[in-house]
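Asker:
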Amino acid sequence: MTRTWLRWLPAVTVPAVIAAGVLTGSLPASAGDPLPAKSPEQVLQLIAQHRETSFSGTLEQTSKLGLPELPQAGPGASSGEAGWLELLTGPHTARVYRDGTDNARVQVMDRLAERDVVRHGNELWFYNSKDNTAAHAVLPAGAGSHHPSGQEALPAPDTLAEELLAKLDQSSDVTVAADVQVAGRSAYQLMLTPKSSSTLLASVAILVDGQSGMPLGVELKARGQSDPAFRIAFTKLSLEAPDAAVFQFSPPPGATVKELPVPDHKSSGTQDRPATKDSRHNVSGTGWESVVELPAGAWAKTPAEQPGGQSGGPGNAASLLAQATVPVSGGRLLSTALVNVLILDDGRIFAGSVPLDRLQAAAAAR
Amino acid sequence: MQGKPSVRTGPDRGPEARQERGAEARQDRVRAPVLRLLGSELGVLFRRRRTWAMLLALAAIPVLIALAVRLSSTVPPGRGPAFLDRISQNGLFVGVTAMLVAVPLFLPLTIGVVAGDTLAGEAGLGTLRYLLAAPAGRGRLLLVKYGGAVVFAAAAPLTVAVVGAGIGAALFPVGPVTLLSGDTIGAADALGRLLLIAAYLAVSLVGLSAIGLFMSSLTDVPVGAMAATVVFAVAAQIADALPQLEWLHPWLFSHRWLDFADLLRQPIAWDSFAANALLQGGYVAVFGALAYARFATKDVLS
Numbered sequence: 050m051t052r053t054w055l056r057w058l059p060a061v062t063v064p065a066v067i068a069a070g071v072l073t074g075s076l077p078a079s080a081g082d083p084l085p086a087k088s089p090e091q092v093l094q095l096i097a098q099h100r101e102t103s104f105s106g107t108l109e110q111t112s113k114l115g116l117p118e119l120p121q122a123g124p125g126a127s128s129g130e131a132g133w134l135e136l137l138t139g140p141h142t143a144r145v146y147r148d149g150t151d152n153a154r155v156q157v158m159d160r161l162a163e164r165d166v167v168r169h170g171n172e173l174w175f176y177n178s179k180d181n182t183a184a185h186a187v188l189p190a191g192a193g194s195h196h197p198s199g200q201e202a203l204p205a206p207d208t209l210a211e212e213l214l215a216k217l218d219q220s221s222d223v224t225v226a227a228d229v230q231v232a233g234r235s236a237y238q239l240m241l242t243p244k245s246s247s248t249l250l251a252s253v254a255i256l257v258d259g260q261s262g263m264p265l266g267v268e269l270k271a272r273g274q275s276d277p278a279f280r281i282a283f284t285k286l287s288l289e290a291p292d293a294a295v296f297q298f299s300p301p302p303g304a305t306v307k308e309l310p311v312p313d314h315k316s317s318g319t320q321d322r323p324a325t326k327d328s329r330h331n332v333s334g335t336g337w338e339s340v341v342e343l344p345a346g347a348w349a350k351t352p353a354e355q356p357g358g359q360s361g362g363p364g365n366a367a368s369l370l371a372q373a374t375v376p377v378s379g380g381r382l383l384s385t386a387l388v389n390v391l392i393l394d395d396g397r398i399f400a401g402s403v404p405l406d407r408l409q410a411a412a413a414a415r
Numbered sequence: 013m014q015g016k017p018s019v020r021t022g023p024d025r026g027p028e029a030r031q032e033r034g035a036e037a038r039q040d041r042v043r044a045p046v047l048r049l050l051g052s053e054l055g056v057l058f059r060r061r062r063t064w065a066m067l068l069a070l071a072a073i074p075v076l077i078a079l080a081v082r083l084s085s086t087v088p089p090g091r092g093p094a095f096l097d098r099i100s101q102n103g104l105f106v107g108v109t110a111m112l113v114a115v116p117l118f119l120p121l122t123i124g125v126v127a128g129d130t131l132a133g134e135a136g137l138g139t140l141r142y143l144l145a146a147p148a149g150r151g152r153l154l155l156v157k158y159g160g161a162v163v164f165a166a167a168a169p170l171t172v173a174v175v176g177a178g179i180g181a182a183l184f185p186v187g188p189v190t191l192l193s194g195d196t197i198g199a200a201d202a203l204g205r206l207l208l209i210a211a212y213l214a215v216s217l218v219g220l221s222a223i224g225l226f227m228s229s230l231t232d233v234p235v236g237a238m239a240a241t242v243v244f245a246v247a248a249q250i251a252d253a254l255p256q257l258e259w260l261h262p263w264l265f266s267h268r269w270l271d272f273a274d275l276l277r278q279p280i281a282w283d284s285f286a287a288n289a290l291l292q293g294g295y296v297a298v299f300g301a302l303a304y305a306r307f308a309t310k311d312v313l314s
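For the record, the sequence lines run as chains A and B.
Mapping of the first sequence onto the working numbering: residues 50 to 415, in sequence order.
Mapping of the second sequence onto the working numbering: residues 13 to 314, in sequence order.
(1) So is the beta-carbon of Ser75/A under 6 Å away from any non-hydrogen atom of the ligand NAD?
(2) Where does Ala287/B fall in DSSP's three states?
(3) Along chain B, which residues have their Cβ under 9 Å away from the Cβ of Leu173/A?
(4) What are the complete alpha helix (DSSP H) segments, minimum 4 residues, inside the segment 61 to 100 of chain A?
(5) What residues in the segment 292 to 313 of chain B bring their beta carbon closer than 7 Å to a beta carbon of chain A?
(6) Would a check of beta-carbon distances place Ala273/B closer than 7 Å to chain A?
(7) Rounded to the nearest angstrom, how far is the Cβ of Val174/B from that of Val218/B, given a contact under 8 Å?
(8) If you run the structure through DSSP and keep just helix, strand and coil, what is Pro197/A?
(9) Can you give me the C-alpha to C-alpha distance between Lys350/A and Arg397/A, rounded to a whole angstrom?
(10) Please check if any C-beta of chain B sits within less than 7 Å of the C-beta of Thr138/A.
(11) Roughly how many angstroms lie between the CA atoms of Ala35/B and Leu72/A, to the nearest whole one?
(12) Can you have a look at Gln156/A and say buried or exposed, based on whether 16 or more other CB atoms are within 10 angstroms of its CB?
(13) Put Trp282/B into one of helix, strand or coil per three-state DSSP.
(14) For Arg154/A, does the three-state DSSP call read helix, strand or coil?
(15) Please report the Cβ distance between Phe104/A and Ser339/A, rounded to the nearest whole angstrom; I am assuming they are in contact, meaning their Cβ atoms lie under 8 Å.
(16) Please state if the CB of Thr309/B and the CB of Ala53/A are separated by a distance shorter than 7 Å.
(17) Skipping 5 residues on each side, what residues in its chain have a beta carbon closer than 8 Å to that of Gln39/B?
(18) So is Thr139/B buried or exposed if we call it buried at 16+ other beta carbons inside 10 Å?
(19) Is the beta carbon of Leu143/B closer than 7 Å to that of Leu131/B?
(20) Helix, strand or coil: which one does DSSP assign to Val311/A?
(21) With 7 Å as the limit, tell me which residues of the segment 58 to 72 of chain A have their beta carbon closer than that to any beta carbon of chain B; keep them in chain order.
(22) Report all residues from its chain with a CB closer than 7 Å to the CB of Ser198/A; omit the five preceding and five following residues, and keep chain order.
(23) Check whether the Cβ of Arg56/A lies closer than 7 Å to any Cβ atom in chain B.
(24) Check whether the Cβ of Tyr176/A lies closer than 7 Å to any Cβ atom in chain B.
(25) Do Pro93/B and Leu112/B count as a contact pair if the criterion is CB distance below 7 Å?
(26) Taking only beta-carbon atoms, is Asp165/A less than 7 Å away from chain B?
(27) How many Å lie between Gly187/B and Val377/A at the Cα?
(28) Going residue by residue through the segment 196 to 250 of chain B, where are the continuous alpha helix (DSSP H) segments of at least 4 residues, counting only ones entirely within it?
(29) Helix, strand or coil for Thr138/A per DSSP?
(30) Per DSSP, which residues does His267/B bridge with? Please list them.
(31) CA-CA distance, Arg56/A and Val166/A?
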């Protein structure tokens, strides 16, 4: 009798040991050496003065926006605009490499496929393994040196932090919450909590590496949802310069290569943008309660502006929209955990991180 | 499949052979007969016609794919299984595509047959008690039986990979291989990656083999254990496809089967290999312990 009992013992203990291991592993690991306490201003300073430009790591993104998850593979998967929309829904893992200001590579690791963006000097490459297509662009000379000079022109870190904090203070409470472990490193958690109670957003947490001051992740929480509505953070990070071979890219043989035209910043950018901005959207409300209004026709124009016009592209987006929205009085509502978008029957669009009645009130006010 | 006289009269099959093995082991007393027992077990396994038939069926997958691609017009990218459109440019992709096709059903099917047969097959033939007459002990016999199943789990994907590379090289040009990241590597490197994928799949099937071993210890009817194991594999994959069961997904032994594609990235993403090994190790520990408990306390009547 006892012998029988003994022989079943491993069958009981092994699952128990595994369960115990999983439980201890999933507990929020308290930092081994706690970070010195810092005020929100000091944490902002820490971010502003960080100079980590060489690193490699793995980013993981999860979102619970309440949007239908788009298929990543199979017949429903599309390579057009829905392909990039898909990045907002469902989980993703990407490897990120960066060395200095003008070498960078991002690898979005899909199942049995990969999307790559490689920047090496002024060369910019996009690659999608699903349909073996590549796109190439040459950045205008001086684009690489744009950032360092811009950084020098910025005010000193402490004044910058002060100004930023003063601006944030108008709409949110800024606090530093308990330290967290991100990618095996102790990190400060800078919390922004909206003062307004009529926004869908409950809090924004920015995870800041305690040593280097590098932002390690962002977490957006929605009201009435315990899991973050959107979270992107490093799960692995090394601050050493990655192997230079990572940034070498030439399109593989057999790939379809498309040259992308690069808009000239000086001529078109400055003239067009302010004009379109004024005529095309309107913001009412302040802070987190802002409601953006797009006039009629903005939606209809957007798909047509898309270059290439892949077959099924716009139609696909329209049918996706029809699936994702629900009819409400006066139009259709695209509701997510963080943002509500009201599409009126007359074509106007109201969007904001506010409940539906606010959007309807904003629509009625005009 | 099991009761056919031709199988039973095969070399080293049947009660007499088992008795011999038992006697041999008895001469060694307790001194490390595990390796010798394993050798004899592998001899039995790989001399069976059924094992060869299953390996041949697996080898037919890459041959079929290669012939189909060779005889048809070019495959447009994005259609059919992943990598299919790459075959006509590079023959080595036959191996990858064939493994991708074999992962959901064919490989689990063969593993189910071999692992489900381990104990129940002997019990069904009435040879189990002769094996237990040796002083090897039930724990050791279980280990040897499981070892045989694991060796087959390694041989099965390797067959697909090697035959795939061979037929691909015969029918298509072989050259630098484009990885998922868009980088290209030489053919020799690519062959290394192909073998790595086979190793990944071997590790992936180790957990299922442990489940099969446990199923096999539950019954004296080998077909029942085989079917139960295959059903397990299919059910796990169905559960893996249901978004409502998302909390369960990381715990399913089939969850990381298709992550072998991470070996086709540049640089290789080893995380999934390690995570998969850990997951399968957990299954081996749990179902190994269950199989031991069941087998050690079982009344062996046949």
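C-beta: ideal position from N, C-alpha, C; glycine also.
Answerer: The short version:
(1) For the structure depicted, the ligand NAD is absent and the ligand set is empty, with no information on it obtainable.
(2) helix
(3) In chain order: nothing, as chain B lies at least about 13 Å away.
(4) Correct list: 89 to 97.
(5) Gly294, Ala297, Val298, Ala301, Leu302, Tyr304, Ala305, Ala308, Thr309
(6) yes
(7) Going by Cβ atoms, the distance from Val174/B to Val218/B rounds to 20 Å, so no, they are not a contact pair.
(8) For Pro197/A, the predicted model reports a pLDDT of 43, less than 50, meaning its position is unreliable; a value from the coordinates is still stated below. Looking at Pro197/A - three-state DSSP - the assignment turns out to be helix.
(9) In this prediction, Lys350/A has a pLDDT of 43, which is less than 50 and means its spatial position is unreliable; what the coordinates show is noted afterwards. The straight-line gap from Cα to Cα measures roughly 12 Å.
(10) Chain B places no beta carbon closer than 7 Å to that of Thr138/A, leaving this residue out of the contacts.
(11) Since pLDDT at Ala35/B reaches only 48, below the 50 mark, its modelled position is unreliable, and no value is offered.
(12) buried
(13) coil
(14) When DSSP states are grouped into helix, strand and coil, Arg154/A belongs to the strand group.
(15) Actually they do not touch by this definition, with Cβ atoms about 34 Å apart.
(16) Looking at the sequence provided, one finds Thr at residue 53/A rather than Ala. Contact: yes.
(17) Note on Gln39/B: pLDDT 49, under 50, position unreliable in the model; no value is reported.
(18) buried
(19) no
(20) coil
(21) From the segment 58 to 72 of chain A, only Pro59, Ala60, Val63, Pro64, Ile67 have a Cβ closer than 7 Å to chain B.
(22) Confidence at Ser198/A is low in this model, with a pLDDT of 41, below 50, so its placement is unreliable and no value can be given for it.
(23) yes
(24) So yes, Tyr176/A belongs to the interface.
(25) yes
(26) A Cβ of chain B is located within less than 7 Å of the beta carbon of Asp165/A.
(27) 58 Å
(28) Whole alpha helix (DSSP H) segments, 4+ residues: 199 to 230.
(29) coil
(30) Bridge partners of His267/B: none, in fact.
(31) 56 Å
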